[in-house]
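In UniProt numbering, the protein residues as written are 1 to 150.
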């Protein structure tokens, strides 16, 4: 009986341990499937993130090139505008100098004309000017005389 009891206990232990190992194996297999599923999801997310990162990097590279080109263009534009401004400033300075000299010449001419006018007025006050009468007959005088005769 002792032997049968030990046999029964051994059978019971084996059967119980066999169940637990089967349960453990099932749990481990389930855990492996879940982890493999999670790994698959993470790989998929990783590939999506990698493609998104690649897309962002290419967009950044493109925008950076556009920015650098724009910077170069604005530098060229700024240099061109600086040259134009300097040319305009030179032209303005020349015009201003010409205007000053022209204005001085005008003022001098005005003063000279005023002094000449004053001299002439002075002379006319001192001597009256006589206007000589014309001895030639003009066509209009001849016509008017013909009309009077008629």
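Built from N, CA and C at the ideal position, the CB exists for glycine as well.
* Using the Cα positions of residue 51 and residue 45, report the straight-line distance between them to the nearest angstrom. => 10 Å
* **CA-to-CA distance, residue 69 to residue 35, given in whole angstroms** => 49 Å
* **Pairwise C-alpha distance: residue 75 and residue 87** => 18 Å
* **Coil, strand or helix - residue 69 by DSSP** => helix
* In angstroms, rounded to a whole number, what distance separates the CA positions of residue 105 and residue 66? -> 57 Å
* So does residue 50 have its beta carbon nearer than 7 Å to some heavy atom of the ligand PLP? -> In the structure shown, the ligand PLP is absent, as is every other ligand, since no ligand is present at all.
* Asked: Excluding the five sequence neighbours on either side, which residues of its own chain have a C-beta within less than 7 Å of the C-beta of residue 126, listed in chain order?
  -> none
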